[in-house]
Structure formats: C-alpha cells, structure tokens
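Peer 1: Counted the way my numbering counts, the sequence shown spans residues 3 to 245.
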Amino acid sequence: MARYKIIIQYDGTHFFGWQLQQEARTVQGVLEKALVALSGGDRIIVNGAGRTDSGVHAFGQVAHFDLETRLDDTTLLDAMNGHLPKDCRVMQVQQEGEDFHARYSAVKRHYRYQCMSKKKLVYGNQVWMTNPLNIDKLNQVASLFLGVHDFLSFSKYNEKLEHTNCIIDSALWKEEGDMLIFNISANRFLHHMVRYIVGCSVQNNDGKMSFNTIKNLLDSPRKDVQIFKAPAQGLFLNHVDYA
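1) At a cut of 8 Å, does the stretch 99–114 reach the stretch 217–232 through at least three beta carbon pairs?
2) Cα-Cα, which of 135, 50, 204 is closest to residue 22?
3) Expressed to the nearest angstrom, what Euclidean distance is found between the alpha-carbon atoms of residue 166 and residue 221?
4) In the DSSP assignment, what residue or residues form a beta bridge with residue 152?
5) Using the Cα positions of residue 83 and residue 11, report the straight-line distance between them to the nearest angstrom.
6) Using only CA atoms, which one of 174, 163, 235, 86 lies nearest to residue 197?
7) Mark residue 16 as exposed unless 16 or more other C-beta atoms lie within 10 angstroms of its C-beta, in which case mark it buried.
8) Could you please give me the residues that DSSP links to residue 5 through a beta bridge?
9) By the three-class DSSP mapping on this structure, what secondary structure does residue 24 have?
10) At a threshold of 8 Å, does residue 25 count as lining the ligand SAM (C-beta to nearest heavy atom)?
11) For residue 62, tell me which candidate among 90, 3, 171 has the shortest Cα-Cα distance.
12) Does the Cβ-Cβ distance between residue 247 and residue 58 come in under 9 Å?
13) Of the residues 158, 18, 68, 86, which one's Cα is nearest the Cα of residue 3?
14) Contact defined as beta carbons within less than 8 Å: I believe residue 32 pairs with residue 87. What is the distance between those atoms, to the nearest angstrom?
15) Is the separation between the beta-carbon of residue 157 and that of residue 171 shorter than 9 Å?
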C-alpha cells in the first residue's frame, strides 16, 4: 500500500464544493469514484488540502490517498483522468511517505480572486463582474490584513475551532489584462474568509463600507457580523506549500 499525492485543477461551477455528499456532485466524490473504477475495489478516501465551497475553482488543489497498485505515477495519472469528467483533471501524481497529509502537512495556502468590470463572455463563471475598481484603494484595505490577526469577523462562525487567528504573509491586488486579481497567502484560512475580505474591499471601493469600519472589525473581532461576501465564482485555490 502506497500513499499518493495528487495536484488537481477543477472548474467548480458544477460542483457542490469539495467535500463528499451523498446526493450532490462534489470534487471529492468524482475523485473517489474514479479510484474505485480503476482499482475495482472498495471506497478509497481522498483527503484534500482545502475544502473549497460550491462554485469555487482550483488551479492547484492538493489531495492524498492510499492505494495498492502496480501502475507507475504517469500511468496512474492517465488512468485517473480517463475516469474523471472534463471539469476535473489530475495534473500531477507522486508517491509520498505514509506521514504525508494533504491538509495537515501544508504550511501555506495561496488563493486568487478574479474581478472584472468589463463584461466578457469568455470568462464565464470564473470572475466577479464589479463596478470599476481603484487598485490603490483596494490595496490600502488589503494592507490591513497583513500579519497575525483574529479573523472571527471575516468568517463563518464555527464553534468547534480552538481559535480564529491566521497569519497573512501577502495580500495584494494587481492588474492582469482586463482583470483585477487579489492574491492572498496564509498559514490557514477560515470558512468564507477570502470572500468576506474581497467583499469588504469592493464595498469600500464603492463607498458602501468605510476603511475604519473594516479596521474596527479586524481590531475588535466578533462572530456573526453582517458583512458582504463576494460570490464564489471568482475564487481559486491557487496552490499549497509544504515544508
């Protein structure tokens, strides 16, 4: 029995998130179905680095599973893709030690959020169509989040969490063609955290939320704050770092 690490890309438009659900199409579900099809055995559990929500995409999701097979890594990759739908692709397969865990071994995660104020059909459900954005104003807000902060105000409340502190290493908006891209990396992310950060940043740009209000939410964290959450379709899990 060997442990395999895989890197996956998917378009989250027609997935109900990552996590397995009995009556819904999920990324974990199609991956496990593919492994059962090629192995001919019982369920093989696939553990992901991040549990992306419904409609969220990935350029570099990481997962692992244990499998007994004679296939080499390249052949296993091709075999998995042969059983996967077109909106989910395995990009890399490699064997790891038995102590590797896609989620718990990760040291940093990188997310990307795509906004556009010019409507172009070609981008479909992979951008958030916004009003014109001021990149300097957006980066002024982004700078608030750098460092160690309690992100309770910017997340969906979960009483099971021991704490809601995160270490933000980078948070920067940049122009990329017709899009404005928000790149953010941290040791961990809370549920809906990136979408709340982007939502507040764009509301500040539109004059609907003040800079000081955002700062106060960060300085005085509290649960169940009623703030705007950016839509799922602009968000990508970009890549995951390991030690």
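Virtual Cβ for every residue (Gly too), placed ideally from N, Cα, C. Quick caveat: nothing in here was measured; it's all calculated off a predicted structure.
Peer 2: With the structure as the only source:
1) no
2) 50
3) 13 Å
4) 167
5) 11 Å
6) 235
7) exposed
8) 68, 98
9) coil
10) Questions concerning the ligand SAM fall outside what the structure shown contains, since it holds no ligand whatsoever.
11) 90
12) Because the chain here runs from 3 to 245, residue 247 falls outside it and cannot be looked at.
13) 68
14) 6 Å
15) no
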